[in-house]
Amino acid sequence: QDKKEGGAGLAKGDLYLTGAFNISNEKTGDVKTDGFTLAPGAGYLITENIALEGQIRYNSGKDTDAAGVETKSNGLGLAVGGKYFFTPADQFSLSLGANISYTSTKVEVGAFDATTKEIGFNVPLGLHYFVSNNFAITSSWGGLGYKSNDNGGDGAEKTNGFGLNLNMESISFGLIYKL
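Residue numbers are given in our numbering: position 13 of the sequence shown equals residue 909, and the series is strictly consecutive.
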């Protein structure tokens, strides 16, 4: 897995920045949905193939139903985990990751508001392509996951979910910048 100094790909000791950004808008008649997500992160290769990663995620959304009732949400989350790169020194590499996340989201509907807390665990597949020595396009696809949301607490029933997502609707794209 040795690589040439300054070449594309990753090697033990490399530090990289990563992130995702999303803006969405959907409207059907009077029903509207707007969303925004910003999720910067960093990773460090502790061995030739294994990286430790961390991420901060901010998301905001507003939904308006057909009756004109608005639901606003703002959330902040943290995720930590690891990733195994199968061929990190190459320009193209597959990976298998595992992460644990925690998100706190304030939800407002009219005069009512609540703060939900969600924990999750996910094992996604990844695809990474270095377009230059320092920049890579990265994607994360599906994965095996579990999440639990307290739905605002105060006696509300929790929502628990488990899934295996291997369809193309669960793919996300981002960038890696190797420092």
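Even glycine gets a Cβ: it sits at the ideal position worked out from N, Cα and C.
Model, not experiment: these values are computed from the prediction.
Got a sec? Which residues, its chain only, sit under 6 angstroms from residue i by beta carbon, not counting five neighbours each side?
i       : result
Leu934  : Phe917 and Tyr954
Thr999  : Gly971, Gly973 and Glu1014
Thr960  : Lys928 and Glu966
Gly931  : Ser920 and Gly957
Phe981  : Asn945, Ser989 and Ser991
Leu1060 : Leu1040
Lys968  : Lys958 and Glu1004
Just the Cα atoms here: how many angstroms apart are residue i and residue j?
i       : j       : result
Ile952  : Val965  : 30 angstroms
Ser989  : Ala962  : 46 angstroms
Gly950  : Gly1039 : 18 angstroms
Ile1033 : Tyr1025 : 5 angstroms
Tyr1042 : Thr1055 : 11 angstroms
Lys1074 : Ile942  : 15 angstroms
Lys855  : Ser1036 : For the chain, the structure presents residues 897 to 1075; residue 855 sits outside this window and is missing.
Phe1031 : Gly993  : 20 angstroms
Ser997  : Gly1016 : 5 angstroms
Gly1022 : Ser1066 : 12 angstroms
Ala985  : Ile1072 : 14 angstroms
Val1027 : Gly977  : 25 angstroms
Asp1046 : Thr1012 : 6 angstroms
For the beta strand (DSSP E) containing residue i, name the first residue and the last one.
i       : result
Thr933  : Val927 to Leu941
Lys908  : No beta strand (DSSP E) holds Lys908; DSSP gives it neither H nor E.
Thr1066 : Checking the sequence, you will find Ser at residue 1066 rather than Thr. Note, Ser1066: premise wrong, no beta strand (DSSP E); not H, not E.
Asn955  : Ile946 to Thr960
Leaving out five residues before and five after residue i in sequence, what residues of the same chain have Cβ atoms less than 8 angstroms from its Cβ?
i      : result
Lys900 : Its pLDDT being 46, under 50, Lys900 is placed unreliably in this model, and the coordinates cannot settle the point.
Lys923 : Thr929
Gln987 : Ala904, Gly905, Tyr1025 and Phe1026
Gly925 : Ala962
Can you list, in chain order, the residues of its chain with a C-beta nearer than 7 angstroms to that of residue i? Leave out the 5 residues immediately preceding and following it.
i       : result
Tyr940  : Leu911, Ala947 and Leu948
Ser1068 : Ala916, Ser1035 and Ser1036
Thr1010 : Note on residue identity: the sequence assigns Ala, not Thr, to residue 1010. So the list reads Val1003 and Gly1048, once near-sequence residues are dropped.
How would you call residue i, buried or exposed, if buried means at least 16 neighbouring beta carbons within 10 angstroms?
i       : result
Ser991  : buried
Asn995  : buried
Gly1051 : exposed
Leu1062 : exposed
Ala1007 : exposed
Gly1070 : buried
Gly909  : exposed
What ranges does the beta strand (DSSP E) occupy inside the stretch 967 to 1052, keeping only unbroken runs of at least 3 residues that lie completely in it? 988 to 1005, 1008 to 1026 and 1031 to 1045
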